[in-house]
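Residue numbers (the numbering used here), protein chains in the order written: chain P, 1 to 118; chain V, 119 to 232. Beta carbons: idealized from backbone N, C-alpha and C, even for Gly. Note that the structure is predicted; figures quoted are calculated from it, not measured. Scroll down for the structure; my scribbles are underneath it.
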């Protein structure tokens with residue numbers, strides 16, 4: 001089954017304790033992205049990757065790191081989490097990063113990771 | 119500010135009625151997409167309409183696009199309780215240099231009462 005998986009689904013942690021949220025897709029997609037979703041603020045992009053070893057900042061990258069060593073995996077790393085990073089996080093992937101009118105950039109989303117930082 | 123903005127923010131209807139949601143955006147686009155999100159879950163892609171298309175259908179969904187007004191609408195006909203969800207429009211932009219980047223609106227929260 002074509003899917004994007006994230007782990008863990010729920011995480012409660014304390015300020016400053018490093019954590020990693022994993023993301024994996026089995027569709028051979030080039031483009032992967034991390035979002036956070038907060039009430040009233042909508043979906044905001046944290047980081048994205050257009051292909052292996054190619055990553056770049058989105059709209060709210062502060063406090064986050066990513067890596068793309070393999071095409072299928074795109075982990076999100078919080079080196080020193082803080083309470084303002086409490087949020088619902090989504091990983092997404094799409095076939096291509098090219099802005100084609102005909103599509104190919106439809107995004108497939110993971111189930112989400114609900115993170116609470118105390 | 120957001121590229122895509124949905125209207126209304128919330129919509130409550132009875133089962134069987136039609137639901138219409140609108141989306142406005144600011145810059146020229148390659149395509150516009152609609153997504154659905156059930157409470158707390160990942161977004162699911164519903165339909166994509168190209169910038170050179172005016173209307174598209176998929177089952178009970180009908181999407182229109184007016185590039186001159188920079189707006190789109192999503193119509194769900196004969197709604198069901200299971201359609202209760204948040205609906206988001208997303209646009210890519212020909213002016214962004216981040217190929218593949220989608221900008222999501224704030225969403226319309228649809229509640230369909232049995």
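Mind reading off the beta-carbon distance from residue i to residue j? Whole number of angstroms is fine, and I expect it under 8 Å.
| i | j | result |
| --- | --- | --- |
| residue 37 of chain P | residue 163 of chain V | Residue 37 of chain P to residue 163 of chain V, Cβ: 16 Å. No contact. |
| residue 188 of chain V | residue 143 of chain V | 5 Å |
| residue 41 of chain P | residue 64 of chain P | Wrong, their Cβ atoms sit about 16 Å apart, outside the cutoff. |
| residue 161 of chain V | residue 105 of chain P | That pair is no contact at about 14 Å. |
| residue 178 of chain V | residue 195 of chain V | 5 Å |
Please confirm whether residue i and residue j have their CB atoms less than 7 Å apart.
| i | j | result |
| --- | --- | --- |
| residue 74 of chain P | residue 94 of chain P | no |
| residue 208 of chain V | residue 222 of chain V | yes |
| residue 190 of chain V | residue 183 of chain V | yes |
| residue 148 of chain V | residue 169 of chain V | yes |
| residue 113 of chain P | residue 3 of chain P | no |
| residue 198 of chain V | residue 124 of chain V | no |
| residue 228 of chain V | residue 129 of chain V | yes |
| residue 11 of chain P | residue 118 of chain P | no |
| residue 30 of chain P | residue 51 of chain P | yes |
| residue 76 of chain P | residue 34 of chain P | yes |
| residue 16 of chain P | residue 80 of chain P | yes |
By DSSP, does residue i sit in helix, in strand, or in coil?
| i | result |
| --- | --- |
| residue 106 of chain P | coil |
| residue 199 of chain V | helix |
| residue 28 of chain P | coil |
| residue 164 of chain P | With chain P covering only 1 through 118, there is no way to say anything about residue 164 of chain P. |
| residue 74 of chain P | coil |
| residue 42 of chain P | strand |
| residue 52 of chain P | coil |
| residue 67 of chain P | coil |
| residue 120 of chain V | Residue placement at residue 120 of chain V cannot be trusted, given a pLDDT of 46 that sits under 50; what the coordinates show is reported in the next sentence. Three-state DSSP puts residue 120 of chain V in coil, outside helix and strand. |
| residue 125 of chain V | strand |
| residue 117 of chain P | strand |
Would you list, in chain order, the members of the segment 184-197 of chain V that have their beta-carbon closer than 8 Å to a beta-carbon of chain P? none
To be precise: take each residue of the segment 102-117 of chain P, compare its Cβ to all Cβ atoms of chain V, and keep it if any distance is under 8 Å. Which residues remain? 102, 103, 105, 106, 107, 108, 109, 110, 111, 112 and 114
Residues in the segment 77-91 of chain P having any Cβ partner in chain V nearer than 9 Å: 88, 90 and 91
List, from N- to C-terminal side, the alpha helix (DSSP H) runs of 4 residues or more that fit wholly inside the segment 158-188 of chain V. none
Cβ-based contacts, 9 Å cut-off: residues of the segment 148-162 of chain V near chain P: 148, 149, 151, 153, 155, 158, 159, 160, 161 and 162
Check distances from the C-beta atoms of the segment 28-53 of chain P to those of chain V and list, in chain order, the residues that come in under 9 Å. 30, 31, 33, 35, 37, 40, 41, 42, 43, 44, 45, 48 and 50
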